[in-house]
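This report concerns only the one structure given below.
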Amino acid sequence: MSTTTKPDPKRIHQIIKLKPEHYEAYKECHAKVWPEVLQRIKSSHIEDYSISYDHSTNILFASFKYTGTNFEEDMEAIRQDAKTREWWKMTDGYQQSLNPGAVSSEMGGINGTPAWWKGLEEVFYVA
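Quick look at the structure:
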């Protein structure tokens with residue numbers, strides 16, 4: 001009898017700067033995330049996703065678990081999703097990347113272009 005075990009979730013943490021003048025618009029759009037965007041996130045094996053905001057630094061902190069088996073393929077599926085690209089065009093305008101040379105969410109990782117959100121190293125975790 002063969003058993004297949006699911007890999008342990010990969011925990012992802014990222015930061016980006018929110019332009020303070022867009023705080024209300026950013027909060028409002030995330031209170032009503034488009035259903036197609038949420039479905040794409042779930043279909044790409046992203047779970048337990050949250051974004052927090054630090055008012056004193058204007059930093060957004062995102063955290064999620066990736067539960068799939070092919071991270072690059074799932075991230076490419078997100079990038080190719082038309083509704084997600086439309087969402088990014090809106091939300092990228094509210095943000096300022098902390099990665100030098102970053103252009104947009106859509107272009108992150110293409111031909112060496114830095115990711116829009118800056119990845120963080122997890123230094124502690126307890127379940």
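Quick note on full-length UniProt numbering: the sequence shown kicks off at 1 and runs consecutively.
Every residue gets a Cβ at the ideal spot worked out from N, C-alpha and C, and that includes glycine.
So what does residue i bridge to, in DSSP terms?
i: F64; result: I12
i: E24; result: Looking at the DSSP assignment, E24 forms no beta bridge with any residue, so it has no partner.
i: K17; result: I59, Q96
i: K118; result: I15
Within 10 angstroms of the Cβ of residue i, are there 16 or more other Cβ atoms? Answer buried if so, exposed if not.
i: A82; result: exposed
i: A102; result: buried
i: S56; result: exposed
i: S97; result: buried
i: T69; result: exposed
i: Q95; result: buried
So what's residue i in DSSP terms, helix, strand or just coil?
i: G112; result: helix
i: A127; result: coil
(request) Starting from the N-terminal side, write out each stretch of the alpha helix (DSSP H) that is 4 residues or longer and does not extend beyond the segment 34-106. (result) The segment 34-106 contains these whole alpha helix (DSSP H) runs: 35-43, 71-80, 82-92.
(request) Take every Cβ of the segment 65-75, pair it with every Cβ of the segment 39-48, and state whether three or more of those distances are shorter than 8 angstroms. (result) Counting Cβ pairs under 8 angstroms, three or more are found: they touch.
(request) Mind the definition here: the segment 14-26 touches the segment 44-63 only if three or more C-beta pairs lie below 8 angstroms; say whether that holds. (result) Yes, they touch.
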